[in-house]
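Participant:
Numbering (my numbering), first residue to last: 273 to 724.
Following this line, the structure appears as structure tokens:
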């Protein structure tokens, strides 16, 4: 390939990647984020709605374990990723069918959401490998920093547009129709994203992926490794967090009767808090080290769900929760940045894609265990406002207990390098968003900040 042709190919790849980032983020902001709200609008029970935020992710994380074999058979990351992106779009386009499915509406929501997460999570490790292949190291950090800003902007635009449309629809009694419009638009944006992915080059096309480790091999390699103990801490924290996490939306919308605008506003504040805090935490990690940042985040996330207990005595709940959400964004930013650096930086580069697959599965398994325990609590004591607040308090207590596992993690000599994150979903908990690292940016520390 001539130098001129190579420059043209790179220019096309960068432009298409930006389009993919924007369209994908518009889909996230408009689509999956409002799935639990849609379920509540269809009169699905609060416990079933909470579990809807958990079980599909585990099903998806389990199915994504087959992705390396599928990619090997296809011999192409691009074909696999574009196919999964298209499948994800179809899931979103079919989600409104739940509104006319009668007694099958919950089944439709579970199937659509499970396939959505299966196709979404299955692209993550493959996309990381492909992105490293087509984005040159010399521009990788700067490019993904710009790409992250485009993603964050589009995600907030999509999320705000969805919330405002739902608020208007509720005043004019066409909420279910508005949800249908939201999911159809998000599906269209994902198709645009798939088209942008298809236009990107793939130098390794036709060569099967090799060297991908199995679940058993990765777990054996982590045994006795500092990363293995860190993964145990993650598992404990996720169970504690998801004890309450899936039930914030039912509590906010069904129990407190918040408007869609208030719901959107509070989640957006958590996400903005995280976005604002990440560069500052990155600079702190460079000066003080990643270990202290891990402890700041681990301690910072402990009281977050327990803070909701204050709603028993505070009249201006939205104002109070605004401060809680912003603080939560700060705390989760420290926790996630430190965890991803400590976990992936200590793993050989060629093994990170395999480990990301296992990380997704472990995270989803903990999510379901926590959600089931939370459902058990609500089933046992009832679904009153007080029982929800008690559950939130229990979640904080469990996070405190999880520190026992962090204490067992040995000292890890980890560099505070630049790292970009991909936002896969917005949530009322977890600092407003659900993130995954762009693995190819972890080794490049040319920027001043510890995160992009």
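Virtual Cβ for every residue (Gly too), placed ideally from N, Cα, C.
Skipping 5 residues on each side, what residues in its chain have a beta carbon closer than 6 Å to that of residue 718?
Facilitator: Residue placement at residue 718 is flagged as unreliable, the pLDDT there being 41, under the threshold of 50; a coordinate-derived value is accordingly withheld.
Participant: Which runs of the alpha helix (DSSP H) spanning at least 4 residues fall entirely within the segment 569-628, listed in chain order?
Facilitator: Whole alpha helix (DSSP H) segments, 4+ residues: 589-617.
Participant: With C-beta atoms as the reference, is residue 400 less than 9 Å away from residue 712?
Facilitator: Yes.
Participant: Counting pairs of beta carbons, one from the segment 307-318 and one from the segment 362-371, are three or more of them closer than 8 Å?
Facilitator: The segment 307-318, when compared against the segment 362-371, does touch it at the 8 Å Cβ threshold.
Participant: Measuring alpha carbon to alpha carbon, tell me which of 655, 386, 286 ends up nearest residue 524.
Facilitator: Cα-wise, what sits closest to residue 524 is 655.
Participant: Within 10 angstroms of the Cβ of residue 292, are there 16 or more other Cβ atoms? Answer buried if so, exposed if not.
Facilitator: It counts as buried.
Participant: I'd like the list of long-range same chain contacts for residue 278, defined as Cβ closer than 8 Å, with 5 residues on each side in sequence excluded.
Facilitator: If we look at residue 278 and ignore the five residues flanking it on each side, it has no Cβ neighbours.
Participant: Helix, strand or coil for residue 705 per DSSP?
Facilitator: Correct three-state label for residue 705: strand.
Participant: Residue ranges of each beta strand (DSSP E) run of no fewer than 3 residues wholly in the segment 642-700, ordered along the chain?
Facilitator: The segment 642-700 contains these whole beta strand (DSSP E) runs: 693-698.
Participant: Do the CB positions of residue 455 and residue 695 come within less than 9 Å of each other?
Facilitator: Cβ atoms of residue 455 and residue 695: not closer than 9 Å.
Participant: Alpha carbon to alpha carbon, what distance is there between residue 710 and residue 410?
Facilitator: Between residue 410 and residue 710, the C-alpha separation is close to 16 Å.
Participant: With contact counted as at least three CB pairs below 8 Å, one residue from each stretch, are the segment 436-456 and the segment 325-336 in contact?
Facilitator: No, because fewer than three Cβ pairs between the segment 436-456 and the segment 325-336 fall closer than 8 Å, the two stretches do not touch.
Participant: If you reduce the DSSP assignment to three classes, tell me which class residue 465 lands in.
Facilitator: Residue 465: helix per DSSP, three-state reduction.
Participant: What are the boundary residues of the alpha helix (DSSP H) that residue 300 is part of?
Facilitator: Counting along the chain, the alpha helix (DSSP H) containing residue 300 begins and ends at 275-302.
Participant: Buried or exposed for residue 584, please, with buried defined as at least 16 other CB atoms from any protein chain shown within 10 angstroms of its CB.
Facilitator: When all chains shown are included, residue 584 counts as exposed.
Participant: Could you check whether the segment 514-522 touches the segment 646-653, counting it as contact only if at least three pairs of C-beta atoms, one from each stretch, sit closer than 8 Å?
Facilitator: Segments in contact, yes.
Participant: Can you find the residues in the same chain that come closer than 7 Å, C-beta to C-beta, to residue 305, ignoring five residues on each side of it along the sequence?
Facilitator: Once the five neighbours on either side are set aside, the close Cβ partners of residue 305 are 431, 697, 698.
Participant: Report the start-end ranges of each beta strand (DSSP E) in the segment 403-428 that is 3 residues or longer and not cut off at the edges.
Facilitator: DSSP runs (the beta strand (DSSP E)) wholly in the segment 403-428: none.
Participant: Under DSSP, the alpha helix (DSSP H) around residue 534 begins and ends at which residues?
Facilitator: Start and end: 532-560.
Participant: Can you have a look at residue 280 and say buried or exposed, based on whether 16 or more other CB atoms are within 10 angstroms of its CB?
Facilitator: Counting Cβ neighbours within 10 Å, residue 280 comes out exposed, since fewer than 16 surround it.
Participant: Let me check you understand the geometry: is the CB of residue 298 closer than 8 Å to at least one non-hydrogen atom of the ligand ATP?
Facilitator: The ligand ATP is not among the ligands present in this structure, which contains no ligands whatsoever.
Participant: Using a 10 Å radius around the Cβ and a threshold of 16 neighbouring Cβ atoms, would you call residue 235 buried or exposed?
Facilitator: Limits of the chain in this structure are 273 at one end and 724 at the other, which puts residue 235 out of reach.
Participant: Can you find at least 3 beta carbon pairs, one from the segment 674-683 and one from the segment 387-407, that sit closer than 8 Å?
Facilitator: Contact fails: fewer than three Cβ-Cβ distances are below 8 Å.
Participant: Counting pairs of Cβ atoms below 8 Å between the segment 373-383 and the segment 417-424, do you hit three or more?
Facilitator: No, the segment 373-383 is not in contact with the segment 417-424.
Participant: Rounded to whole angstroms, how far is the Cβ of residue 459 from the Cβ of residue 365, which I believe are closer than 8 Å?
Facilitator: So it is a contact: roughly 4 Å between Cβ atoms.
Participant: Does the beta-carbon of residue 573 have 16 or more other beta-carbons within 10 angstroms, so that it is buried, or is it exposed?
Facilitator: Buried: at least 16 other Cβ atoms inside 10 Å.
Participant: Answer yes or no: do residue 700 and residue 538 have a C-beta to C-beta separation smaller than 9 Å?
Facilitator: In this structure, residue 538 lies closer than 9 Å to residue 700 by Cβ.
Participant: DSSP three-state label for residue 317, please.
Facilitator: Looking at residue 317 - three-state DSSP - the assignment turns out to be coil, as it is neither helix nor strand.
Participant: Distance, Cα to Cα, residue 269 vs residue 527?
Facilitator: The structure shown does not extend to residue 269, since the chain is modelled only from 273 to 724, so the question has no answer here.
Participant: Specify the secondary structure class of residue 444 as computed by DSSP and reduced to three states.
Facilitator: Looking at residue 444 - three-state DSSP - the assignment turns out to be coil, as it is neither helix nor strand.
Participant: Starting from the C-beta of residue 534, find all residues in its chain whose C-beta is less than 7 Å away, skip the five residues before and the five after it, and write them out in chain order.
Facilitator: Cβ within range, chain order: 590.
Participant: With H, G and I counted as helix, E and B as strand and the rest as coil, what does DSSP make of residue 472?
Facilitator: Coil at residue 472, not helix or strand.
Participant: If you draw a straight line from the C-alpha of residue 604 to the C-alpha of residue 667, how long is it?
Facilitator: So the two alpha carbons sit approximately 15 Å from each other.
Participant: Select from 547, 575, 610, 506 the residue whose C-alpha is nearest the C-alpha of residue 567.
Facilitator: The shortest Cα separation from residue 567 among 547, 575, 610, 506 belongs to 610.
Participant: Does residue 318 pass the burial test, meaning 16 or more other C-beta atoms within 10 Å, or should it be called exposed?
Facilitator: The residue in question, residue 318, is buried, as its Cβ has 16 or more Cβ neighbours within 10 Å.
Participant: Counting beta carbon pairs with one atom in the segment 384-400 and one in the segment 347-362, are three or more of them shorter than 8 Å?
Facilitator: Contact holds: three or more Cβ-Cβ distances are below 8 Å.
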